[in-house]
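Residue 4 is where the sequence shown starts when you use this note's numbering, and the numbers rise one by one after that.
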Amino acid sequence: MTLLSVIVPVHQVKDYLAECLDSILDPPFSDLELVVVDDASTDGCAEILAGYAARDPRVVVLTFPVNRGLGAARNAGLAWATGEYVWFVDSDDWLPDGALTAVAGRLSRTRPDLLVTAYTRYFPDGGRRSCPLARINGDRPVPEVFRLDEVPGLLSVLHITCNKVIRRRFLTDLGLTFGPGWYEDVSFSFPLMLAAPRISLLDRCCYAYRQRPGGAITSTVSDRHFEVFAHWDRVLAGLDHSGAGPAPGPVSVAEAAGPTGGTTTPAVGVSAELRQLIFQRMIWHLLQVLGHPRRVPPHRRREFFANIVIRYRRHLPATGYRPPGGLLGLKHRLIGRGAYGLFSALRVVRRAHLGVVARARRPLAPPGIPRDAVRTGTPATIVEAVAASATAEAASALAAVESEPVPAVTEPAQASEVRKGSFLDKER
4 MTLLSVIVPV HQVKDYLAEC LDSILDPPFS DLELVVVDDA STDGCAEILA
54 GYAARDPRVV VLTFPVNRGL GAARNAGLAW ATGEYVWFVD SDDWLPDGAL
104 TAVAGRLSRT RPDLLVTAYT RYFPDGGRRS CPLARINGDR PVPEVFRLDE
154 VPGLLSVLHI TCNKVIRRRF LTDLGLTFGP GWYEDVSFSF PLMLAAPRIS
204 LLDRCCYAYR QRPGGAITST VSDRHFEVFA HWDRVLAGLD HSGAGPAPGP
254 VSVAEAAGPT GGTTTPAVGV SAELRQLIFQ RMIWHLLQVL GHPRRVPPHR
304 RREFFANIVI RYRRHLPATG YRPPGGLLGL KHRLIGRGAY GLFSALRVVR
354 RAHLGVVARA RRPLAPPGIP RDAVRTGTPA TIVEAVAASA TAEAASALAA
404 VESEPVPAVT EPAQASEVRK GSFLDKER
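Now the structure itself:
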């Protein structure tokens with residue numbers, strides 16, 4: 004049996020496709036098959052793929068007549084794959100030199116159900132940011148093979164699929180596939196990590212994650228960002244579901260904004276600690292989506308916040324929940340109270356503070372003085388003033404929240420009730 008099936012969904016990536024395929028096929032490691040799924044590209048990708056398939060018998064090309072999305076393309080590749088392990092690689096990214104050999108060595112040595120690797124983000128301006136795994140267990144060493152409850156810090160690693168190599172038989176027996184719509188990695192990666200009895204790490208950059216300007220759908224202003232709620236609903240439903248068969252479908256109010264159907268989420272029994280961490284990670288991620296300037300349309304931000312409140316209260320751990328410290332913890336408390344007015348005010352204040360700091364770091368030269376003659380840096384007095392103001396604003400908001408009773412909430416039966424923000428605090 005071939006050791007590794009690399010599955011590459013393709014859609015409108017002509018300028019990046021050859022670099023991706025060459026990084027998989029050219030290295031000396033050859034115990035692999037490459038399953039490429041052309042998701043109805045119209046920019047010339049089909050001709051590029053035909054050339055690779057004609058030259059290399061390891062390449063299999065599947066073609067969709069109409070665009071079906073990333074999740075469906077990955078599922079089709081998985082159904083075709085024959086390797087002992089599968090690796091989902093996006094077609095605008097690439098594998099660094101030596102990655103395949105390093106991954107194969109780790110797989111042979113540890114025989115895991117799931118291998119998680121370090122990766123690096125590459126930015127359009129030439130910058131890069133490494134995402135290592137060395138500190139996910141604090142100061143304690145990470146075992147060669149472990150379960151998630153033994154190294155729960157793995158949940159802090161971004162939930163992308165592309166840095167995960169998975170034993171194919173384990174995945175098919177689990178019945179886990181990719182759901183439709185945006186943010187499909189959420190409802191795949193978390194159930195995968197929870198269910199894997201043998202997880203191993205490779206703290207070496209084995210994936211180059213390209214950050215394209217305008218290339219990521221999740222950096223596009225769109226109503227489709229509401230689809231993230233359906234994926235988190237599936238994750239949490241999988242935690243609560245008991246018995247055989249698929250977890251119940253999502254009950255997201257926002258699911259009407261996206262396609263129906265989706266992944267089968269296996270039932271998983273988890274500890275109270277993992278529930279707390281997954282709940283916290285959900286709120287963190289939803290806040291990231293809401294806080295991104297190029298995601299949720301401004302006129303629907305209140306509705307998005309309302310959907311976060313629904314999930315916060317629906318899935319709040321029964322054993323209690325202690326929010327994180329600092330500004331993030333304050334945001335969690337504001338969500339728990341449904342305090343959209345205070346949340347919005349805090350966001351405005353925060354942006355104003357960041358603007359002050361940015362201007363202080365780039366001071367304007369007084370008239371008649373050359374700009375390069377002005378000493379750069381942030382004056383201590385300005386930093387202290389900004390910090391004091393931010394602290395005062397946060398303390399004031401928190402005091403206001405804590406002094407008010409938590410309003411009773413009945414989940415809206417219709418999406419229109421959420422859009423009106425019927426259970427949120429009124430604007431002051």
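Here a beta-carbon is modelled for each residue, glycine too, at the ideal position from N, C-alpha and C.
All figures in this text were calculated on a predicted structure; none of them were measured in a lab.
The region 79-91 makes no contact with the region 48-59: fewer than 3 CB pairs, one atom from each, lie closer than 8 Å. The DSSP-derived three-state label of residue 175 is helix. Across the structure, residue 26 and residue 87 are spaced so that their CA atoms are roughly 20 Å apart. The criterion of a C-beta distance shorter than 8 Å is satisfied by residue 135 and residue 206.
Residue environment for residue 182: buried (at least 16 other C-beta atoms within 10 angstroms of its C-beta).
Around the beta carbon of residue 282, 16 or more other beta carbons sit within 10 angstroms, so the residue counts as buried.
Secondary structure of residue 51 (DSSP, three-state): helix. In the three-state DSSP reduction, residue 131 falls in the strand class (E or B). Under DSSP, residue 203 forms a beta bridge with 118. The criterion of a C-beta distance shorter than 8 Å is not satisfied by residue 98 and residue 212. Listed as beta-bridge partners of residue 209 by DSSP are no residues whatsoever.
Taking a contact as a CB-CB distance under 8 Å, the pair residue 14 and residue 42 counts as one, their CB atoms being some 4 Å apart. Cβ-Cβ separation between residue 228 and residue 298: approximately 5 Å, consistent with a contact (criterion under 8 Å). Straight-line spacing of the CA atoms in residue 6 and residue 313 works out to 44 Å. In this structure, residue 48 sits near residue 16, with a CB-CB distance shorter than 8 Å. Contact annotation: the region 99-109 does not touch the region 182-200, with fewer than three C-beta pairs closer than 8 Å. Secondary structure at residue 163: coil, using DSSP grouped into helix, strand and coil.
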